[in-house]
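Our numbering numbers the first residue of the sequence shown as 60 and each following residue consecutively.
Built from N, CA and C at the ideal position, the CB exists for glycine as well.
Predicted, not measured: the structure shown is a model, and the values here were computed from it.
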Amino acid sequence: MTISLFSGQGSQYEGMGKDIAESSAQLLKVYETGSAILGRDLKEICFSAPLEELSRTVNSQPAIMATSIICLEAAKEKGFTFEGVAGHSLGEYAAMYASGMVTLEDAFRLIKARAEAMEEATQGTKGAMAAIMKIEPEKVEEVCANAKEYVTAVNYNSPVQTVVAGTPEGIEEVSGIFKEMKARVIPLNVAGAFHSKLMQSAADKFYETAKTITFNAPQCKYYSNVTGGELTDFSDMASLLAKHIVSPVRFTSELAAMNEAGADRFVEFGPGRTLTGLVKKTLKEATALNVENLETLAALFQ
Numbered sequence: 060m061t062i063s064l065f066s067g068q069g070s071q072y073e074g075m076g077k078d079i080a081e082s083s084a085q086l087l088k089v090y091e092t093g094s095a096i097l098g099r100d101l102k103e104i105c106f107s108a109p110l111e112e113l114s115r116t117v118n119s120q121p122a123i124m125a126t127s128i129i130c131l132e133a134a135k136e137k138g139f140t141f142e143g144v145a146g147h148s149l150g151e152y153a154a155m156y157a158s159g160m161v162t163l164e165d166a167f168r169l170i171k172a173r174a175e176a177m178e179e180a181t182q183g184t185k186g187a188m189a190a191i192m193k194i195e196p197e198k199v200e201e202v203c204a205n206a207k208e209y210v211t212a213v214n215y216n217s218p219v220q221t222v223v224a225g226t227p228e229g230i231e232e233v234s235g236i237f238k239e240m241k242a243r244v245i246p247l248n249v250a251g252a253f254h255s256k257l258m259q260s261a262a263d264k265f266y267e268t269a270k271t272i273t274f275n276a277p278q279c280k281y282y283s284n285v286t287g288g289e290l291t292d293f294s295d296m297a298s299l300l301a302k303h304i305v306s307p308v309r310f311t312s313e314l315a316a317m318n319e320a321g322a323d324r325f326v327e328f329g330p331g332r333t334l335t336g337l338v339k340k341t342l343k344e345a346t347a348l349n350v351e352n353l354e355t356l357a358a359l360f361q
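Structure (structure tokens):
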């Protein structure tokens with residue numbers, strides 16, 4: 060069983076998706092659709108914006124989603140098929156599009172509302188994030204629970220990689236403790252404490268747009284960050300997606316559920332190889348590939 064995976068925020072880089080998108084007039088239309096909804100030139104943001112500008116939440120979220128969708132559509136043009144989808148954080152929006160749950164237009168409407176609400180929330184509330192490596196998630200949770208300042212586990216990426224989010228003081232406090240425990244601590248270059256309660260104002264604001272969108276039943280298996288498994292109830296996606304903004308990404312659980320269902324081939328679409336690396340670390344027997352340019356697209360069919 061083949062699963063299509065979709066990258067999250069932080070994977071962006073200048074010029075991402077350019078060679079694949081320019082290989083087909085049809086693929087370039089994805090940017091046109093996005094630009095019309097965003098009210099600015101999405102192709103220009105992806106191809107030419109300096110990294111600092113591209114990394115702003117309001118730019119990186121639609122840009123990464125567009126790149127992921129273009130990479131997937133390029134593979135589908137060549138005959139690629141898949142039985143399930145999963146995204147990491149922001150990647151869930153490309154996954155919803157890939158599964159047929161939302162139209163391309165609605166995917167852009169959702170991501171515009173999400174990115175704007177999250178950027179606004181980070182301006183009102185200071186937050187920070189850090190990746191904690193070489194230590195079990197249970198130990199990470201324990202340290203966070205005992206911290207004086209607010210900090211919590213928000214991304215369960217692999218059995219030995221957990222991302223924490225909280226106030227800058229909270230992140231500083233636990234970082235010192237983790238280093239004493241011989242863990243590796245990597246501060247993340249993000250604007251806020253994503254997937255924590257510090258994003259509640261963003262979740263509330265985003266919900267107002269999400270509840271106006273029509274969600275269809277997916278045409279393949281759909282795995283959710285919030286539940287950590289295959290989603291079977293699609294009756295209130297607006298609430299689930301709002302909850303997603305303030306809930307942990309249970310990616311390790313999702314991989315286990317996919318593996319149990321028979322998934323043995325994972326293809327990550329979009330910038331970078333973060334998810335490909337996580338699959339290789341977590342599921343040693345599985346095949347993991349990524350598609351982000353013409354070279355990796357060709358490798359998918361070798």
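Inset, instruction - Confirm the yes/no value for this check: CB of Ala252, any heavy atom of the ligand SAM, distance under 7 Å. - result: The ligand SAM is not part of the structure shown, which contains no ligands of any sort.
Inset, instruction - Just mark Pro218 as buried or exposed, buried being the case when its beta carbon has 16 or more other beta carbons within 10 Å. - result: exposed
Inset, instruction - Could you tell me the distance, in whole angstroms, from the CA atom of Ile304 to the CA atom of Asn214? - result: 12 Å
Inset, instruction - Please name the residue in Leu64, Gln182, Arg173, Ala190 whose C-alpha comes closest to that of Glu267. - result: With distances taken between Cα atoms, Glu267 lies closest to Arg173.
Legend entry - Residues bridged to Gly225 (per DSSP): Residue pairing from DSSP places Gly225 in a beta bridge opposite Ala187, Val210.
Inset, instruction - Kindly indicate which three-state DSSP category Leu163 falls into: helix, strand or coil? - result: helix
Inset, instruction - Report yes if the CB atom of Val249 is closer than 8 Å to the CB atom of Gly225, and no otherwise. - result: no
Inset, instruction - Check whether the Cβ atoms of Leu247 and Ala316 sit closer than 8 Å, and answer yes or no. - result: no
Legend entry - Of the listed residues Glu239, Glu208, Glu195, nearest to Val222 (C-alpha basis): Glu195
Legend entry - Own chain residues within Cβ distance below 7 Å of Val338, not counting five before or after: Within the same chain, Val338 has close Cβ partners Leu314, Phe325, Ala345, Ala347.
Inset, instruction - With distances taken Cα to Cα, identify the nearest neighbour of Phe139 among Cys130, Gly146, His147. - result: Cys130
Legend entry - Spatial neighbours of Phe141 in its chain, beta-carbon cut-off 6 Å, leaving aside the 5 residues before and after: Thr61, Ser63
Inset, instruction - May I ask you to list the residues that DSSP assigns as paired with Arg115? - result: Partner(s): none; Arg115 has no beta bridge.
Inset, instruction - Report all residues from its chain with a CB closer than 7 Å to the CB of Gly365; omit the five preceding and five following residues, and keep chain order. - result: This structure leaves residue 365 out entirely; the chain is present only between 60 and 361.
Legend entry - Beta-carbon proximity check, Phe65 vs Ala125, cutoff 8 Å: no
Inset, instruction - Specify, as a first and last residue, the run of the beta strand (DSSP E) that Ala347 falls within. - result: Per DSSP, Ala347 is one residue of the beta strand (DSSP E) stretching across 346-350.
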